[in-house]
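Scroll down for the structure; my scribbles are underneath it.
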Ligand code: AMP
Ligand code: GLY
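In the working numbering, the protein residues as written are 1 to 431.
Take a look at the structure:
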């Protein structure tokens, strides 16, 4: 790739708006704020960690966001969460002739509809689990009986990571099906995808995309279950580390050639070119990498470790994605390991208390950041306000060291009734 040193090409004159309020958005804001090109940063609505940049606009309030971007001459808007993407925030900005990073509503169906995603995988000949789509519960029941367990059942629509049932027993599969199709997930469960169970190491590969070119970021392993040993309920993610020990350049190339690029080609042929972050949820099986799912955005908490490892300026990369010039970008990464341990409210992903006072240590080293997610600033100080509250993120020369310093840092945080996993990254030390 030809190297363009973007840092030399422009002045500090860019105004950037980030949409969202989680740990992912804090990590993006932290990175963008370091850009030599960034003059002004806004986060809508943000959290206590991004307080210095916050504007009180909701991520789904498209009219107000467009108006704000216009009035403040915002040069680029970056969308964090899937919901505004699936509702067409990018389309609203493009219609107003405003530059925005993320896929259109049509392209975002790769995440917002599992059935659409499976169709694209099929057309692109992407290796994935065999599947069938059902809208009738009787036919779905018969199919499950025929195939047997283990088996995976997925609600078609967005269900905040809770619409997937991995059933080891037939009975569990039938109960899961009743729950998904029985109305508990509203219209997201009117259609289900039932698929083959895949075994292997799970890994997330996020790719910058400009419609044609896909440039991979560092690979990440997430820990989705609430409790140590991958036990308990599925969550949005309890911690991440990067890179996993089994990840190689060859594997990366195979995923780009067999999964990312064919997907971009099919999306382009369909007249819905994909621009933004294409997040590939992969299972590395004995037969090679297979795609579990697409997401159409930065992952949370994948982004926390990815930003910690990104050496290059993020801003020109995102601009290149919107302009279709990604093939000229040169992206440098720290050749180290990063880890992010999520501190959540006790009870998450079920019900939990909020408003718990938090005291964080002052950090000055550039390789240690406590990214904030569900936090708010009250007159009394910093308090918890959500399920996932903090993302303790550290970069070190080895995974063992990164784990050690992240857990040491946690000891310096005063967060009564916090819940966190003690085994983040441990699987990377064992393999
Ligand atoms: P998804 O939202 O599709 O990524 O599914 C959530 C989680 O369920 C994934 O992170 C995997 O751990 C698991 N999963 C999904 N599909 C499969 C599959 N076909 N085989 C095994 N596990 C799966
Ligand atoms: N951590 C998984 C996700 O962002 O979907």
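The beta carbon of each residue, even a glycine, is placed where N, CA and C say it ideally should be.
Residue pairing by DSSP puts residue 395 in a beta bridge opposite 338.
Residue 217 carries a coil assignment under DSSP once its states are collapsed to helix, strand and coil.
Taking non-hydrogen atoms of ligand 2 into account, the C-beta of residue 229 is found less than 6 Å away from none of them. According to the DSSP assignment, residue 175 belongs to the alpha helix (DSSP H) that extends over 170-179.
Separation of the CB atoms of residue 209 and residue 275 is rounded to 6 Å, and the pair is thereby assigned contact status at 8 Å. For residue 63, the uninterrupted alpha helix (DSSP H) run begins and ends at 62-71, by DSSP. A straight-line Cα-Cα distance of about 19 Å links residue 142 and residue 164. Here residue 100 is bridged, per DSSP, to 77. Closest in alpha carbon position to residue 355, among 291, 377 and 419, is 377. The DSSP-derived three-state label of residue 426 is helix. Partner residues in the beta bridge of residue 241, as assigned by DSSP, are 221 and 339. Note on geometry: alpha-carbon atoms of residue 25 and residue 358 lie some 20 Å from one another. DSSP places residue 230 within a helical segment (H, G or I) once states are collapsed to three. When DSSP reads this structure, residue 388 sits in a beta bridge with 344. Judged by DSSP in its simplified three-state form, residue 198 adopts coil rather than helix or strand.
In summary, residue 301 is buried, with 16 or more beta-carbon neighbours lying within 10 Å of its beta-carbon over all protein chains present. Taking non-hydrogen atoms of ligand 1 into account, the C-beta of residue 197 is found less than 6 Å away from one of them.
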